[in-house]
C-alpha cells in the first residue's frame, strides 16, 4: 500500500487527504414527498479517492443531523478536519486507495445544498419558512441525482450513522438494485415518540427565541440563544450517563467552592454552554428545524411490509449499534436486523461495547474500524 | 446413518467435530449456528456444502473474528430465546459445544427445535472414563481435552452424559434421529457413554 505523505497546512490540522474543496451540482427540480416541487436544487459534495473504470468502487457516506459534505481531509474553506476523518482516507476503513468515497450535504441543510437559508429564485429572498418540508426520502432522491451525475449505476456501499443511517436504509428501500452493501450505524427503522420529543424541544427553543422572527431573520438577526439551547439538548442525548460521569463528574470549573449563584459553574454546564455557543456560528437555525422534522417523519414502514419489500434482497448489511447509546438504543438496531433476517437478507450485527453514547460512532474506535474494514474487504473481493 | 459417513471427507485439522457435522449437513441447506464462536464451522459449511449460514454469538470479540472471515453473524444471547426467527426457518440449528454453556439448556433446545427442522447438539460426555477416573479415583474435578478448564474458570454451567441426554430427550418428547460418541479422531461405537469423550446428536421434534 502506498502511504501518502501527511500534508501539513496552515490551519495546523493534518490529514493524509490534504486540503479538500466542496463541489456543487445543480439540477432542475425535485418532486418532494409532500407533493411540492423544489427547483432548482443544488447539492454540495466532496469526493475522495478515484472512481475505477468499472465504476464499482463508489461508497456514499451519509451525514447525521448537523454534518456536512466535508467528511474527510482539511476543508479549504474552514481549515477543519472532516467529521469522519477517522474512517475515511488511505488505509482507513473507507480506504481511499481502493474506494471512491462521496459525501454530500442533505437538502434542507445549510452547508452548500439547497435549504431554507438559500435564495428562492422566485422571490429573490431567502426561503426561510417558505422552504418546503423535506423528508429523508427526499434527501436520498436528491443524492441519487448526484450519483447519476457522477455516472455511477450501482454504489458499492452506502454508510452512515444516526440520520445518516436512516438515509442508508432509505437508499436500500428506494433503490435496492443500486446498493451492493449497506452499513447503517446507531439508527432506527422509525423515529420513536421519545426521539421526536427531544427534537420538538429543540425546535421550540428556536421558535420561541424572539430573534427567530418567524424564520425571516436572515440579514437582520439570528436566534442564537434558541439554537444554542437546541444544541445543548441534542448534546445531552448524544452522550451517556457514564461518559458524562467520566468526563465531567461533579467537577466545578475554575473554582473550588459553590458560588451559590446561577453561573455555569459545573464542568458539564460549561461544556454544554460552549457547545451551544460554537454551534450557532456554523449552523442555520431554520435548517435545524427542517432537518429535525425530516428525521421525525422518518418511518420506513410497517415491519411486515418491510419484510415483504426486502424479501431476498441482494444487498449485504452490516448493522452496528453502541451499548450506551440511549438515543438510538441497540434494540432499534436489532429491530432492523430482525426485519432483514425474516426477509432472508444477509445481515451481520454487532453491538459494540463503549462507554460513549450515541456519538460513539464518530469517535475513533478499533471495533468499528475492524468491522467496516473486513466487511467491505469481503464484499469487495467477492465482486459479483 | 448420517453421522457415520465420515469417510472421504475433507481434512479439517484437529476439529473432528467439524468433520462429523459437515457430513451430517445437506448441500445448500439453511443453517443457524448457535454460539458460533469465531465462525469457523460456518465458514467450512459454506465452503464445502454451500449452506446459507447465520451465526449467533454473545462474545463481542468473536463477532470480530466472524466478520474477518466473512461469516454472517448476529450479536445476541441465545439464552434469551430466538424470538426474531419464525418457526422452521432453518434446515438445521447447530449447538456445537454450546449447550453446556447456556443458562437454560432446555429452553435453548426447544427454541432450536422450533426454528430448525433438525437440531445438531454436541457436548462433552461427563461419563467418559477419564472423567470418571478423575472424580471417582483421584477425587478431582476433571480436566481433559474436552473439559480443559479449572473449576473456577470454566464457562461450562452444566455437566451431563450421553445417558443423561438420551433421558432428557425422552422426557422432553424429542426424537433422536441418530447419535454418536467420539474422541479427537474417531467415532466410538462400543459403549460410548464410557469410552467417548464427546457426543453428537441429531434431533427432531416428535
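Residue numbers (my numbering), protein chains in the order written: chain L, 4 to 387; chain F, 1156 to 1361.
C-beta: ideal position from N, C-alpha, C; glycine also.
Just so it is clear, the structure is predicted and the values come from calculations on it, not from any experiment.
Within the model, the alpha-carbon separation for residue 195 of chain L versus residue 189 of chain L is close to 14 Å. With the criterion set as a beta carbon lying under 9 Å from some beta carbon of chain L, the members of the segment 1233-1250 of chain F are 1238, 1239, 1240, 1241, 1244, in sequence order.
Note that the C-beta distance between residue 49 of chain L and residue 67 of chain L is not below 7 Å. Per DSSP, the continuous beta strand (DSSP E) segment holding residue 1247 of chain F begins and ends at 1245-1251. Measuring C-alpha to C-alpha distances from residue 159 of chain L to each of L:240, L:311, L:101 identifies L:101 as the nearest. Not a single C-beta of chain L is nearer than 7 Å to the C-beta of residue 1284 of chain F. CA-to-CA, the gap between residue 45 of chain L and residue 1207 of chain F works out to about 44 Å. Interface annotation for the segment 353-365 of chain L against chain F: 353, 354, 355, 356, criterion Cβ-Cβ distance under 8 Å.
DSSP links residue 102 of chain L through a beta bridge to no other residue. With fewer than 16 neighbouring CB atoms inside 10 Å of its own CB, residue 1310 of chain F falls in the exposed class. The C-beta separation of residue 170 of chain L from residue 65 of chain L comes to about 4 Å, placing the pair in contact by the 8 Å criterion. Distance from the CA atom of residue 1347 of chain F to the CA atom of residue 1355 of chain F, rounded to whole angstroms, is 11 Å. When the five nearest sequence neighbours on each side are left out, the beta carbons in the same chain lying within less than 6 Å of the beta carbon of residue 314 of chain L are those of 346, in order along the chain. Comparing alpha carbon positions, the residue from L:16, L:288, L:97 closest to residue 383 of chain L is L:97. Going by DSSP, residue 145 of chain L is part of no beta strand (DSSP E) but of the alpha helix (DSSP H) stretching over 139-152. Within the segment 1236-1320 of chain F, the runs of beta strand (DSSP E) at least 3 residues long that lie entirely inside it are, in chain order, 1245-1251, 1271-1279.
The alpha carbon of residue 356 of chain L has as its nearest neighbour, out of F:1299, F:1197, F:1231, the alpha carbon of F:1231. Assignment of residue 1213 of chain F by DSSP, reduced to helix, strand and coil, places it in the coil class. Of all residues in the segment 1284-1311 of chain F, none has a C-beta nearer than 8 Å to a C-beta of chain L. Considered as a whole, the segment 154-186 of chain L harbours 166-177 as its complete alpha helix (DSSP H) runs of no fewer than 4 residues, in chain order. Using a CB distance below 9 Å, the part of the segment 1221-1232 of chain F facing chain L consists of 1221, 1222, 1223, 1224, 1225, 1226, 1227, 1228, 1229, 1230, 1231, ordered along the chain. The beta-bridge partner set that DSSP reports for residue 123 of chain L consists of L:128. Within the segment 192-225 of chain L, no residue has a Cβ lying closer than 7 Å to any Cβ of chain F.
Beta-bridge partners assigned by DSSP to residue 1334 of chain F: F:1356. Out of F:1288, F:1284, F:1313, F:1303, the CA that lies nearest to the CA of residue 1345 of chain F is found in F:1284. Residue environment: residue 115 of chain L is assigned as buried (16 or more neighbouring CB atoms within 10 Å of its CB, all protein chains considered).
Take residue 1289 of chain F, set aside five residues on each side of it, and the residues of its chain with a beta-carbon closer than 8 Å to its own are 1295, 1296, 1297, 1298, 1299, in chain order. Distance from the Cα of residue 237 of chain L is smallest, within the candidate group L:360, L:51, L:58, for L:360. Selection L:377, L:351, L:348, L:344 evaluated against residue 1241 of chain F yields L:344 as nearest (Cα-Cα).
DSSP, read as helix, strand or coil, puts residue 295 of chain L in helix. Contact annotation: residue 81 of chain L and residue 92 of chain L have beta-carbon atoms that are not nearer than 7 Å.
Within the segment 1183-1210 of chain F, no residue places its CB atom closer than 7 Å to a CB of chain L.
Residue 377 of chain L belongs to the set of residues whose beta carbon lies under 7 Å from a beta carbon in chain F. Judged by beta-carbon spacing, residue 1229 of chain F lies within the 7 Å limit of residue 1211 of chain F, meaning their Cβ atoms are closer than that value.
Only those residues of the segment 89-101 of chain L whose C-beta falls short of 8 Å from the nearest C-beta of chain F would be listed, and there are none.
For residue 278 of chain L, same chain residues with a beta-carbon under 7 Å away, outside a window of 5 residues either side, are 234, 235, 238 in chain order.
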